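Since the structure comes first, as structure tokens, the remarks are kept for the end.
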Amino acid sequence: MLLKVFLNPGNHGGKGSRNTAGPPPVNRRTGVVMSRFGGGFATAGTGFDRAGGILLTDPSPMSNVRVRFAPSPTGFFHIGSARTALFNWLYARHSGGTFILRIEDTDQARNSEAFLKLIYDSMTWLGMDWDEGPNPNGVGERGAFGPYRQSQRGAIYEKYKQQLLANGRAYEKDGAVWFKLLGERYRVFDDHRKKEVEKVKTAPVVIDDQIRGRVERQEDEDFVIFRSDGNPVFHFVNVVDDIEMKISHVIRGEDHLSNTSKHVRLYEGFGVAAPVFAHIPLILKSPEMGQGKMSKRDKGALIEEYQQRHFLPEALVNYLSLLGWNPGDDREKMPIADIIKLFDLPGVNQSNAKFDGKKLANMNMVYLLEQPADRFLALAREFFAKQPSGTAVMANEAYCREIMLLAQPKIKSVDELAAYTVYFFTDDFPVDAKVKEKVMAKGDPKARLAELIAAIPAMDFSTDTAVEAGIKSFAEGKGLGFGDYQAVARLAVTGTNAGPSITAIFRVLGKDKVLARLNKFAASA
RNA sequence: GCCCCUAUCGUCUAGCGGCUAGGACAGGAGAUUCUCAUUCUUCAAACCGGGGUUCGAUUCCCCGUGGGGGCACCA
């Protein structure tokens with residue numbers, strides 16, 4: 002078997018505060034993580050063989066970036082997963098590498114096809130296309146390193162297990178298979194687990210992380226790689242798959258940083274150079290949500306939610322890209338092409354970021370405002386297709402179009418459309434009690450209403466400007482202004498104080514409807 | 001308990017030894033508009049604490065403290 006050793010194309014360093022103290026026993030040029038035992042490890046360009054090991058060769062020295070996103074279909078697809086996927090995707094696209102989607106579905110009990118589909122759908126919706134992995138429709142897959150679902154890779158894991166068993170880096174105990182650390186053994190009482198455990202004196206594992214800098218961690222206990230039920234554990238399959246799929250850069254959440262020492266030992270066990278690691282900061286709950294890491298249960302945590310609310314995926318992606326990364330200047334709203342161009346691992350922050358739904362909402366609004374009419378209309382149609390009122394709204398295409406375009410510059414997200422435009426589609430619209438109270442308390446709205454009702458039949462409703470001129474000249478005749486009629490008319494016709502210009506509402510609704518509503522309101526008020 | 005990561009306005013962040021510490025979201029005030037929203041102007045808002053190093057620390061080092069993560073036959 003041949004395995005490439007991947008080069009690290011990214012330059013290191015960046016932030017001044019980055020921990021780069023001490024001479025890292027890592028080949029900077031290759032990004033190969035080396036341990037201190039045995040004096041050296043494989044470096045690029047130096048093929049080597051190890052007893053029971055794997056031949057390493059380096060036929061192609063230049064970049065070949067291969068990154069993967071490896072979710073488990075055991076729950077909803079949330080913000081954190083999406084951001085991890087995004088950073089992998091961005092890095093792949095930035096470097097002209099390959100983005101792989103691998104499904105870690107070894108947890109039989111918790112897996113579900115519905116969650117699997119959700120992964121494909123969410124990724125697709127967000128525009129993160131993958132070069133290798135299962136096809137987005139779930140049928141078949143593409144790529145030369147499959148299968149891409151761990152549940153189908155049993156034979157590969159078995160082979161790797163045998164290799165470790167054969168080279169003395171694994172052993173069986175209590176029906177499980179354990180990975181064996183090299184070093185002097187001793188027993189000690191573990192406070193955390195309240196029992197005596199066997200530990201191993203080993204040299205620390207040094208990780209040259211693209212984001213964290215140099216991280217040192219001690220791995221001092223043998224660990225299970227195959228459970229007694231015969232199933233391999235996460236650490237094992239993760240490393241085996243990354244080897245088999247020739248992953249060059251492992252970009253994942255910081256919650257895996259502590260696991261990385263296990264993974265590095267595993268790579269050593271297989272005689273394979275480890276990939277470059279990049280541990281990205283986590284997304285934390287916003288202050289209102291409480292403390293800790295954002296979880297699937299938190300409000301606004303699910304990608305699905307934004308999809309259902311018809312957020313613009315590019316707005317969400319833009320916002321997500323800014324959580325833990327920035328382009329280096331004051332720009333925030335950026336086309337994805339610019340983000341791809343500017344994104345790089347050393348530019349990623351080291352500290353966790355709190356999720357801010359308000360900023361996301363603002364980003365969505367900014368994107369929404371600049372959408373061309375046809376795109377906005379398409380979004381509105383998609384939205385209304387799922388609404389109970391949808392059929393009524395979309396019955397008249399031209400009418401619908403006109404109203405949606407009236408609403409576009411006013412709303413923050415597409416899901417506001419239903420409430421924002423109700424009164425255009427039904428006479429049975431809700432009346433905002435608070436607004437009513439306020440409007441009716443100011444001046445003499447009843448008198449204004451009566452005057453308006455009397456004047457409207459003679460007005461020209463053909464254009465906005467005609468309506469405006471009509472009301473204005475009429476109001477001036479009474480010694481009043483447009484504003485004196487606007488509020489009460491709006492309340493009577495729309496039930497609220499927010500909306501497009503009243504002249505547009507009048508024109509679109511038509512004289513008959515407007516008069517009917519004004520009269521009805523006058524009668525009840 | 002042990003280990004690892006981290007620390008600038010409420011939030012996202014810029015800053016890579018010398019700055020009136022900048023921008024954005026959110027918030028306050030005002031202007032414009034027929035309302036609302038947008039837009040514009042404007043205000044308030046931060047270097048966690050203590051030691052070093054240095055002529056000089058937000059910036060580098062150490063120690064605290066705070067925040068986060070990990071210590072499984074979960075992933």
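Going by our numbering, the first sequence opens with residue 2, and the numbers climb by one from there.
Beta carbons are placed, not taken as given, at the ideal position from N, Cα and C, and that holds for glycine.
Source: prediction; values computed, not measured.
- Burial state of Arg188 is exposed, judged by a 10 Å Cβ sphere holding fewer than 16 other Cβ atoms.
- Under the three-state reduction of DSSP, Phe426 is assigned to helix.
- A straight-line Cα-Cα distance of about 15 Å links Glu305 and Gly358.
- Per the coordinates, the alpha-carbon of Phe227 lies some 20 Å from the alpha-carbon of Thr75.
- Between the alpha carbons of Val225 and Pro373 lies a distance of about 56 Å.
- In the structure shown, Lys342 adopts helical secondary structure according to DSSP, grouped into three states.
- If you compare the alpha carbons of Lys514, Lys413, Arg449 with that of Gly500, the shortest gap goes to Lys413.
- For Gly496 against Pro431, the beta-carbon gap comes to about 6 Å, under 8 Å, which counts as contact.
- In chain order, Ile457, Val494, Phe507 place their CB closer than 7 Å to the CB of Val515, counting only its own chain and leaving out the 5 sequence neighbours on each side.
- Beta-carbon to beta-carbon, Ile252 and Asn89 are separated by about 5 Å, close enough to satisfy the 8 Å threshold.
- Measuring C-alpha to C-alpha distances from Val178 to each of Phe190, Lys473, Asp191, Tyr161 identifies Tyr161 as the nearest.
- The three-state secondary structure of Thr85, taken from DSSP, is helix.
- Only exposed fits Gln163, as fewer than 16 other CB atoms lie within 10 angstroms of its CB.
- If you compare the alpha carbons of Ile503, Val489, Asn498, Thr504 with that of Leu519, the shortest gap goes to Val489.
- Comparing alpha carbon positions, the residue from Asp242, Asn319, Asp299, Asn168 closest to Arg154 is Asp242.
- The Cβ neighbour count for Gly81, taken over all protein chains shown within 10 Å, is at least 16; the residue is labelled buried.
- When the beta-carbon positions are compared, Gly144 and Ile101 come within less than 8 Å of each other.
- Comparing alpha-carbon positions, the option among Leu183, Asn365, Asp375, Ala442 lying closest to Lys334 turns out to be Asn365.
- If you check the CB distance, Ala381 and Met405 come in under 8 Å.
- The count of Cβ pairs closer than 8 Å, one atom from the region 303–319 and one from the region 284–291, stays below three, leaving the stretches out of contact.
- Closest in alpha carbon position to Ala83, among Gly391, Asp465, Pro328, Leu324, is Leu324.
- About 24 Å separates the beta carbons of His280 and Leu303, which is beyond the 8 Å limit, so they are not a contact pair.
- In the displayed model, Trp90 falls within a helix according to three-state DSSP.
- Inter-segment contact for the region 106–113 and the region 132–140 is absent: fewer than three beta-carbon pairs are separated by less than 8 Å.
- According to the DSSP assignment, Thr99 belongs to the beta strand (DSSP E) that extends over 99–102.
- Contact check for Val201 against Arg266 fails: the beta carbons are separated by 8 Å or more.
- In the three-state DSSP reduction, Val436 falls in the helix class (H, G or I).
- Judged by DSSP in its simplified three-state form, Gly471 adopts helix.
- Counting along the chain, the unbroken alpha helix (DSSP H) around Phe385 starts and ends at 374–386.
- Taking each of Leu481, Ala204, Ser123, Asp299 in turn and checking the Cα distance to Pro446, the smallest one comes out for Leu481.
- Judged by DSSP secondary structure, Ala408 falls within the alpha helix (DSSP H) whose first and last residues are 398–408.
- In this structure, the straight-line span from the alpha carbon of Tyr368 to that of Ala316 is close to 6 Å.
- Apart from the 5 residues on each side of it in sequence, Ala86 sits with its Cβ closer than 7 Å to the Cβ of Phe70, Met124, Met129 in its chain, given in chain order.
- Runs of the beta strand (DSSP E) lying entirely within the region 261–305 and spanning at least 3 residues, in chain order: 277–281.
- Here Phe77 is near Lys297, since their CB atoms are less than 8 Å apart.
- Close CB contacts of Phe483 within its chain, under the 8 Å cut and outside five residues either way in sequence, are with Glu469, Ile472, Lys473, Ala476 (chain order).
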